[in-house]
Amino acid sequence: MRVMRSILLLPMFVLVSTVTASAQATQARDQGQEQRGYVSGSGGAIVSPAAPAFAVEYGDNINRNVLAYVTLSYFENLMKQPLRDDLATLGSNLATLTGDAWALSGRDRGVALIAGGKYLLGSGNVRPYVGGGAGIISLRRTVTEARLGDVRDAIFNDFAVGEADLSLAVASLTQPIVEAAIGVGIANGNAYFDIGYRYRRAFRLFSSLNFSQIGVGVGYRF
Numbered sequence: 036m037r038v039m040r041s042i043l044l045l046p047m048f049v050l051v052s053t054v055t056a057s058a059q060a061t062q063a064r065d066q067g068q069e070q071r072g073y074v075s076g077s078g079g080a081i082v083s084p085a086a087p088a089f090a091v092e093y094g095d096n097i098n099r100n101v102l103a104y105v106t107l108s109y110f111e112n113l114m115k116q117p118l119r120d121d122l123a124t125l126g127s128n129l130a131t132l133t134g135d136a137w138a139l140s141g142r143d144r145g146v147a148l149i150a151g152g153k154y155l156l157g158s159g160n161v162r163p164y165v166g167g168g169a170g171i172i173s174l175r176r177t178v179t180e181a182r183l184g185d186v187r188d189a190i191f192n193d194f195a196v197g198e199a200d201l202s203l204a205v206a207s208l209t210q211p212i213v214e215a216a217i218g219v220g221i222a223n224g225n226a227y228f229d230i231g232y233r234y235r236r237a238f239r240l241f242s243s244l245n246f247s248q249i250g251v252g253v254g255y256r257f
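In the working numbering, the protein residues as written are 36 to 257.
Set out below in structure tokens:
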């Protein structure tokens, strides 16, 4: 939990300090400078269960109020809490039956590519936005035991823990995904900052995958 707080709070502290210190000095220049686009990198976290998330994004202004974007995102672990709890319970039960310690852990890593649009509100250097997009997400499930290594297939086949589509996929599983976004973009000279919230939902899985993400981005605008 402390790691997740650091991921979120440190970039936000740097962002607020930078903008506050230089906003007055750059305001007159930036008012006459139209943004054509930006490239940014961001770090943040999945809200629940907490896990790191990272992304790179390219944005291109269609006009003054409409912006198109493409985002490539990486999610460290999208496994739902009930499945994590099931693995922990199974480990405890196996320890009771065998007399040996069982330490089961699971992870659903994800990589998503999403294209969409944002509608920018207001004017000036600080512009709130709303938007959304669609794309694909690639998911790969791993379940490991401290002594035995990868036991993903055995956990599903022998104990029926997990969903078939991810638990038995030979490699990663690619499915469609959509997202809704809300946040604020801040321009400061050629620097671009973004504080945002995104809600994502993947389809064609045994059970629907939906998750929320909070992120802070820093980039270059042109």
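Note that the Cβ used here is the ideal one computed from N, Cα and C, for glycine as well.
Contacts around residue i, its chain only, beta-carbon distance under 7 Å, and the 5 residues preceding and following it disregarded
| i | result |
| --- | --- |
| N272 | Because the chain is modelled from 36 through 257, residue 272 falls outside the range shown and cannot be assessed. |
Where residue i falls, given that 16 or more other Cβ within 10 Å makes a residue buried
| i | result |
| --- | --- |
| Y255 | exposed |
| V120 | What sits at residue 120 in the sequence shown is Asp, not Val. Per the 10 Å Cβ criterion, exposed. |
| R99 | exposed |
| A138 | exposed |
| S247 | exposed |
| N128 | exposed |
| G94 | buried |
| N160 | buried |
| S202 | buried |
Cβ-Cβ separation, residue j to residue i (assumed contact under 8 Å), whole Å
| i | j | result |
| --- | --- | --- |
| I249 | G79 | 5 Å |
| Q210 | L183 | Their Cβ separation, rounded to whole angstroms, is 29 Å, which puts Q210 and L183 out of contact at 8 Å. |
| D185 | T179 | 6 Å |
Nonlocal neighbours in the same chain, by C-beta distance under 6 Å from residue i, ignoring five residues either side
| i | result |
| --- | --- |
| A86 | E111, N112 |
| L244 | A237 |
| P163 | L156, V219 |
| I217 | V165, Y232 |
| V105 | Y93, A150 |
| G252 | S75, S77, D229 |
| A90 | S77, T106, S108 |
Check whether residue i and residue j have beta carbons under 8 Å apart
| i | j | result |
| --- | --- | --- |
| I171 | I230 | no |
| S242 | E198 | yes |
Cβ-based neighbour list, residue i, same chain, cut-off 8 Å, excluding 5 preceding and 5 following
| i | result |
| --- | --- |
| A88 | G78, G79, A80, I81, S108, Y109, F110, E111, Q248, G250 |
Worksheet entry | At least three beta-carbon pairs within less than 8 Å, the stretch 155 to 164 to the stretch 124 to 136 | no
Worksheet item: Is the number of C-beta pairs between the stretch 161 to 177 and the stretch 142 to 152 that are closer than 8 Å three or more?
Response: yes
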